[in-house]
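A short worksheet on the structure shown next.
Numbering (the numbering used here), first residue to last: 5 to 316.
Pasting the structure below:
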């Protein structure tokens, strides 16, 4: 027998099939039937058939083609908002049932920025995993975290970008310290920021927006112009290039703790007060009530690590 769920659309009660609602919900998140089918482990034709039956039951078109992807109709957007409430509430119930009332069992897909996640976060997760064996934790490293969060591809993200989209809950975590780094050979010739114009600057982008926290800490008249820039699209590449005296880099301090301690790299301009990034954990407000989410956010808020300060 099909599972039915009553949803009110503009005050009108509709009894809709739960499987069809799930097919629509995931399709609305991805706006792609192939991706939706992959997430639900069914065929694309099964997804398409379920949505057509749902549209017949609802008496309205929910999704329409928009170029190579799909787009929600007005009725589809209304139903999608209702589905968010339904499926997130069911997730809370499922969590409680699986854990025998303790309310923490289930999976968490945590997204983080690449360097923070691979360099620092993975070193601090073992205590959480030991204390909460019923929580299955997976990590997703990416420079683009907002879209996966909004599409429910991940459950929470740790990011230094400020996301203000409606429906997101933000919990401040850390302030991230940066450092200008160079090999001892290059550092010896650097006395003031303007000296950087004589050397190659290592940056994640040609325009040097990566160096913004350094440049904005200087008076306009003292900012170097960076005539020679080498673009490297990974922080580890910047660090390795700096070690080989290819140029001067700008990186989060936690990435080069060992290199600075050993003397393989020097912290250039250590007295200069640089601007900092602020890390926060983001999740959808409707899912913030999940106990496993609450436990993880509380744990992340308590992490103490070198060159990370508590966000005020």
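No residue lacks a Cβ here, since even glycine has one placed at the ideal position from N, Cα and C.
Three-state class that DSSP yields for residue 286 in the structure shown: Locating residue 286 in the chain shown gives position 282, counting from the first residue. If DSSP states are grouped into helix, strand and coil, residue 286 belongs with the strands.
Based on the DSSP output, what are the partners of residue 207 in its beta bridges? In the chain shown, residue 207 corresponds to position 203, counting from 1. Per DSSP, 235.
Taking only the alpha-carbon atoms, compute the straight-line gap between residue 68 and residue 264 and give it to the nearest angstrom. Taking the chain shown and counting its residues from 1, one reaches residue 68 at position 64. Taking the chain shown and counting its residues from 1, one reaches residue 264 at position 260. Rounded to whole angstroms, residue 68 to residue 264 spans 56 Å at the Cα level.
Distance between beta carbons of residue 142 and residue 291, contact taken as under 8 Å: Locating residue 291 in the chain shown gives position 287, where the first residue counts as 1. Locating residue 142 in the chain shown gives position 138, where the first residue counts as 1. About 16 Å separates the two Cβ atoms, so there is no contact after all.
Taking the alpha carbon of residue 63 as the point to measure from, which residue in 199, 91, 120, 80 has its own alpha carbon closest? Working through the chain shown from its first residue, we reach residue 63 at position 59. The candidate whose alpha carbon is nearest that of residue 63 is 80.
Does the separation of the CB atoms of residue 187 and residue 249 fall below 9 Å? By 1-based counting over the chain shown, the position of residue 187 is 183. By 1-based counting over the chain shown, the position of residue 249 is 245. Contact flag set, yes.
Comparing C-alpha positions only, which one of 91, 29, 127, 191 sits nearest to residue 269? Here the question's residue 269 lines up with position 265 in the chain shown. Among 91, 29, 127, 191, the Cα nearest to that of residue 269 belongs to 191.
Threshold first: 3 residues or longer. Then list the beta strand (DSSP E) segments lying entirely within the segment 89-171, N to C. 110-116, 139-145, 160-163
Roughly how many angstroms separate the alpha carbons of residue 117 and residue 179, rounded to a whole number? Position 113 of the chain shown holds residue 117. Position 175 of the chain shown holds residue 179. Each residue's Cα considered, the two are about 14 Å apart.
What did DSSP end up calling residue 51 once you bin it into helix, strand or coil? To locate residue 51, count along the chain shown from 1; it is residue 47. Note: residue 51 maps to helix in three-state DSSP.
At which residues does the beta strand (DSSP E) containing residue 76 begin and terminate? For the purposes of this step, residue 76 is taken as the residue at position 72 of the chain shown. From DSSP, the beta strand (DSSP E) with residue 76 extends over 73-76.
Based on DSSP bridge pairs, tell me the residues matched to residue 175. As a first step, residue 175 is located in the chain shown; it is residue number 171 there, counting from the start. DSSP lists 285 as partners of residue 175.
If you follow the beta strand (DSSP E) that residue 69 is in, where does it begin and where does it stop? Your numbering for residue 69 matches position 65 in the chain shown. Start and end: 67-70.
What is the residue span of the alpha helix (DSSP H) that residue 42 lies within? Residue mapping note: residue 42 aligns to position 38 of the chain shown, counting from 1. Residues 37-44.
Simplified DSSP state of residue 16, which is helix, strand or coil: Taking the chain shown and counting its residues from 1, one reaches residue 16 at position 12. At residue 16 the pLDDT is 46, less than 50, meaning the model places this residue with poor confidence and gives no usable figure here.
Does DSSP classify residue 6 as helix, strand or coil? On the chain shown, residue 6 is found 2 positions in, with the first residue counted as 1. With a pLDDT of only 48 at residue 6, under 50, the local geometry of the prediction cannot be trusted, and the value read off the model is given with reservation. Here residue 6 sits in coil by DSSP.
Using 9 Å as the threshold, is the C-beta distance between residue 217 and residue 182 below it? Along the chain shown, one-based indexing puts residue 217 at 213. Along the chain shown, one-based indexing puts residue 182 at 178. For residue 217 and residue 182, yes; Cβs fall inside 9 Å.
If you follow the beta strand (DSSP E) that residue 301 is part of, which residue opens it and which one closes it? The sequence position of residue 301 within the chain shown is 297, counting from 1. From DSSP, residue 301 is part of no beta strand (DSSP E) but of the alpha helix (DSSP H) over 295-305.
Once the 5 residues before and after residue 246 are set aside, which same chain residues still bring their CB inside 7 Å of it? For the purposes of this step, residue 246 is identified with residue 242 of the chain shown, where counting begins at 1. Same-chain partners within the cutoff: 185, 186, 187, 206, 252, 253, 269.
Would you check if the distance between the CB atom of residue 227 and the CB atom of residue 110 is smaller than 9 Å? Here residue 227 refers to the residue found at position 223 when the chain shown is read from its first residue. Here residue 110 refers to the residue found at position 106 when the chain shown is read from its first residue. Not closer than 9 Å, so no.
Work out the CA separation of residue 139 and residue 133 for me, nearest whole Å. Taking the chain shown and counting its residues from 1, one reaches residue 133 at position 129. Taking the chain shown and counting its residues from 1, one reaches residue 139 at position 135. The alpha-carbon atoms of residue 133 and residue 139 are separated by roughly 7 Å.
Does residue 254 come out as helix, strand or coil in the three-state DSSP assignment? Against the chain shown, residue 254 aligns to sequence position 250. DSSP places residue 254 in strand when its eight states are reduced to three.
Relative to the C-alpha of residue 83, which residue among 59, 93, 100 is closest? The sequence position of residue 83 within the chain shown is 79, counting from 1. Measuring from the Cα of residue 83, the nearest candidate turns out to be 59.
May I have the straight-line CA-CA distance separating residue 233 from residue 25, to the nearest angstrom? Numbered from 1 along the chain shown, position 229 holds the residue referred to as residue 233. Numbered from 1 along the chain shown, position 21 holds the residue referred to as residue 25. For residue 233 and residue 25, the distance between alpha carbons rounds to 52 Å.
Expressed to the nearest angstrom, what Euclidean distance is found between the alpha-carbon atoms of residue 120 and residue 283? One-based indexing of the chain shown puts residue 120 at position 116. One-based indexing of the chain shown puts residue 283 at position 279. Each residue's alpha carbon lies about 10 Å from the other.
Put residue 86 into one of helix, strand or coil per three-state DSSP. Counting from one through the chain shown, the residue named residue 86 turns up at place 82. The answer is helix: DSSP assigns residue 86 an H, G or I state.
Expected contact under 8 Å - CB spacing of residue 221 and residue 161 to nearest Å: The count along the chain shown starts at 1 and reaches residue 221 at position 217. The count along the chain shown starts at 1 and reaches residue 161 at position 157. Actually they are not in contact, since the Cβ atoms of residue 221 and residue 161 sit about 27 Å apart, beyond 8 Å.
Pick out whichever of 308, 70, 238 has its Cα sitting closest to the Cα of residue 122. Within the chain shown, residue 122 is the residue found at index 118, counting from 1. Nearest C-alpha to residue 122: 238.
Look at the alpha carbon of residue 16 and the alpha carbon of residue 115, and state the distance between them as a whole number of angstroms. Your numbering for residue 16 matches position 12 in the chain shown. Your numbering for residue 115 matches position 111 in the chain shown. Since pLDDT at residue 16 reaches only 46, below the 50 mark, its modelled position is unreliable, and the value read off the structure follows with that caveat. If you take the alpha carbons of residue 16 and residue 115, they lie about 38 Å apart.
Could you tell me the boundaries of the alpha helix (DSSP H) in which residue 26 lies? Looking up residue 26 in the chain shown gives position 22. Run containing residue 26: 22-34, per the alpha helix (DSSP H) assignment.
How is residue 195 classed by DSSP in three states: helix, strand or coil? If you number the chain shown from 1, residue 195 lands on position 191. It is coil, neither helix nor strand.
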